[in-house]
Amino acid sequence: MRYFGVKLSQKNTCRRSSVWWCFVTSTQILSSRFSRIPISTSETFKGSYHSLQYSRFPNGVRLRKVQSAFKMSLPETYDSPVSLAIIGGTGISRLDGFKSVASLKITTPWGSPSSPVIILETPSGAPVAFISRHGLHHEYTPSEVPSRANIAALRSIGVRTIIAFSAVGSLREEILPRDFVIPTQIIDRTKGIRPATFFDGGVVAHVGFSDPFDERVGRIIKASEGALEGGAKIHEGKTLVCMEGPQFSTRAESKLYRSWGGDIINMSVLPESKLAREAEIHYAMICMATDYDCFRDDAPPVNVPEVLAHMAANAVNAQHLIAALLIELVKEEHEDLLSGQGLKESSKWAICTKPEGISKEAKERLGFLFPEWDL
C-alpha cells in the first residue's frame with residue numbers, strides 16, 4: 095500500500111496511502127511520496143465510479159471537476175461460483191476486454207467488505223471477482239481495511255485463488271521504479287491493531303504461514319512478464335516488509351529493514367495474506383515499485399511529475415499483465431489451483447480447540463467461511 099489517490103472533495107489534493115486505482119484516458123494510477131500535494135491538467139480520468147477532469151502543470155495535477163460516471167446498473171446476484179479474484183482498486187473493474195456483469199453486496203459475520211464485489215467476465219466467459227481494498231473513495235486507512243470481511247466475502251462466492259496488487263517502495267537499487275516484484279517472504283512490522291485471524295472468540299487454530307505466497311501462481315505471473323512494456327522487469331524471490339503506517343518510514347527504519355533483508359515495503363499485505371491462508375485460498379501479490387524508500391541520504395527529494403509518470407506506466411503495464419494472467423489462469427490445466435485443492439482442510443486440521451469447547455458463535459462464524467466443514 096504505497097498509493098496515492100485523488101481525494102474526492104471540493105478542495106482536492108492528492109493523498110497517497112494505499113491502493114486507489116482510477117483510469118486516466120486508458121488507465122493510470124496517480125501516486126506521490128508527498129502526503130498533500132496541490133494537483134493541477136486538461137484531460138479526463140474515467141473509472142467505473144468517477145470521471146475526473148484535471149489540468150497538468152509542471153508542479154503536478156490540479157483537479158477541476160468531479161462527477162459520477164458509474165451510471166450502469168448491475169445485477170446484485172450472480173449464480174455461478176467464482177474461483178478467481180483480484181484485490182486492488184476501483185479502476186480495475188474497467189479493464190479493456192473484461193465486462194462487468196454483477197455487483198454483489200455481501201454481509202459476513204465480520205461485517206461488510208470494503209466495497210461491493212464486482213464480477214467481471216473474461217473474453218472466454220470465465221468469471222473473476224474484484225474488490226477495492228480501500229473502498230470506492232479510498233476511505234479506509236491501511237489499519238482500518240476490513241480484511242476479514244473482504245476475504246470472507248470472496249470465499250463465500252467460491253474464490254480459491256487471489257491475486258492482489260500493491261504499490262511499494264523499493265529498498266534495493268536494483269529494483270527500479272516501474273519494475274514489478276513477486277515477493278516470496280514477509281517481515282511483519284504492523285502493531286497488532288489489525289484483526290488478523292478468523293479463529294478467535296471461542297476457537298483457536300495455528301495455521302502454517304512459512305511460505306506466505308503461492309509459488310505456482312508466482313511462476314505464472316513471472317511467465318507473463320512479456321506482457322510488460324517499456325523495459326519493466328518482474329523481480330522474484332524478494333522479501334516484503336509490511337509496516338503499520340499510515341506514515342512512511344524514517345531513514346533509520348528504512349536502513350534497518352535493508353539490514354534485515356527487506357527488498358520492498360508496503361502497508362497492505364498483512365493481515366490480508368494471513369487471512370487468505372486461513373481461508374484456504376491461494377494468494378499471490380504483484381508489487382509495483384513507485385520510488386525508492388528513504389534509505390539514500392544523498393538522494394534528492396522525489397519530484398511529483400516523475401512519480402506520476404512512474405505510476406502511469408505501472409498502471410498501463412498492470413492492465414496488460416492482468417489481461418494476460420486472467421486468460422492463463424482460467425485455463426482447464428489450472429483447475430486444481432482454482433479449486434483450492436492444495437489447501438483443502440489445512441485450516442480444519444490446525445484447530446486446537448476440542449469440538450465440545452468451540453463456542454456456538456464461533457461455529458456460526460466458521461460455518462459461513464467453511465460451509466463444507468462438519469463442526
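So the sequence shown is numbered by our numbering: it starts at 95 and just counts up by one.
Yeah, the Cβ is synthetic: ideal placement off N, Cα and C, and Gly gets one too.
In this text, all values refer to a predicted model and were calculated from it rather than measured experimentally.
Status (buried if at least 16 other CB within 10 Å, exposed otherwise) for residue i
i      : result
Thr201 : exposed
Glu366 : buried
Lys332 : buried
Ser237 : exposed
Val118 : Note that Val118 has pLDDT 32, beneath the 50 cutoff, so the model's placement of it is unreliable and no number is given.
Ser470 : For residue 470 there is no data in the structure shown, the boundaries of the chain being 95 and 469.
Leu423 : buried
Thr255 : buried
Leu437 : buried
Leu469 : exposed
Pro277 : buried
Arg459 : buried
Through-space distance from residue j to residue i, alpha-carbon basis
i      : j      : result
Ile375 : Arg390 : 38 Å
Ile452 : Val297 : 5 Å
Glu455 : Val195 : 34 Å
His428 : Leu214 : 19 Å
Ser304 : Ser218 : 36 Å
Met382 : Glu450 : 47 Å
Asn244 : Arg352 : 31 Å
Leu473 : Lys457 : Here the chain covers residues 95 to 469 and nothing more, so residue 473 does not appear.
His228 : Phe307 : 21 Å
Ser206 : Lys368 : 19 Å
Gly339 : Ser226 : 19 Å
Ala370 : Ser208 : 16 Å
Arg249 : Asp392 : 47 Å
Gly434 : Ala373 : 10 Å
Trp354 : Gln279 : 12 Å
Lys191 : Ile281 : It should be pointed out that residue 191 corresponds to Gly in this sequence rather than to Lys. Roughly 37 Å between the two C-alpha positions.
Phe151 : Gly295 : In this prediction, Phe151 scores a pLDDT of 36, lower than 50, which makes its location untrustworthy; no coordinate-derived value is stated.
Tyr55  : Gly302 : The question about residue 55 has no answer, for the chain in this structure spans 95 to 469.
Val253 : Ala179 : 6 Å
Ser362 : Ile212 : 20 Å
Val410 : Glu426 : 28 Å
Ala346 : Ser167 : 50 Å
Leu364 : Ala258 : 12 Å
Lys316 : Glu330 : 8 Å
Glu268 : Met379 : 19 Å
Leu270 : Ala247 : 35 Å
Phe224 : Lys448 : 36 Å
Gly312 : Leu230 : 28 Å
Val275 : Ile181 : 16 Å
Ala261 : Asp385 : 9 Å
Other residues of its chain near residue i: CB distance less than 7 Å, five sequence neighbours each side excluded
i      : result
Ser174 : Pro221
Gln341 : none
Arg310 : Leu431
Ala299 : Phe293, Ser441, Ala444, Ile445, Cys446
Arg266 : Asp357
Pro470 : No answer is possible for residue 470: it lies beyond the span of the chain, which begins at 95 and ends at 469.
Lys349 : Phe389
Arg272 : Gly324, Ala326, Ala383, His404, Ala407, Asn408
Arg283 : Val335, Cys336, Met337, Glu338
Ile421 : Thr216
Lys193 : Leu214, Glu215
Asp387 : Gly263, Ser264, Leu265, Ser343, Ser348, Ile359
Proximal residues to residue i (C-beta, below 8 Å), its chain only, five neighbours per side dropped
i      : result
Lys442 : Phe464, Trp467
Thr171 : Ala196, Leu198
Cβ shell of residue i (< 6 Å), same chain only, five flanking positions each side left out
i      : result
Phe462 : Pro203
Ile251 : Val176
(Q) Quick check on the DSSP output: what are the complete beta strand (DSSP E) runs of length 3 or more inside the region 339-398, in order along the chain? (A) Complete beta strand (DSSP E) runs here, min 3: 358-360, 376-386.
Q: Would you list, in sequence order, the uninterrupted alpha helix (DSSP H) runs of no fewer than 4 residues that lie entirely inside the region 232-269?
A: The region 232-269 contains these whole alpha helix (DSSP H) runs: 241-250.
Q | Three CB pairs or more closer than 8 Å across the region 289-296 and the region 351-363 | A | The region 289-296 is not in contact with the region 351-363.
(Q) Quick check: the region 310-323 against the region 413-422, are at least 3 beta-carbon pairs closer than 8 Å? (A) Yes, they touch.
Q | Length at least 4, wholly inside the region 265-336: the alpha helix (DSSP H) runs in chain order | A | Segments of the alpha helix (DSSP H) lying fully in the region 265-336: 309-317.
Q: Could you tell me which uninterrupted alpha helix (DSSP H) segments, each at least 4 residues in length, are contained entirely in the region 408-450, listed from first to last along the chain?
A: 429-432, all fully within the region 408-450.
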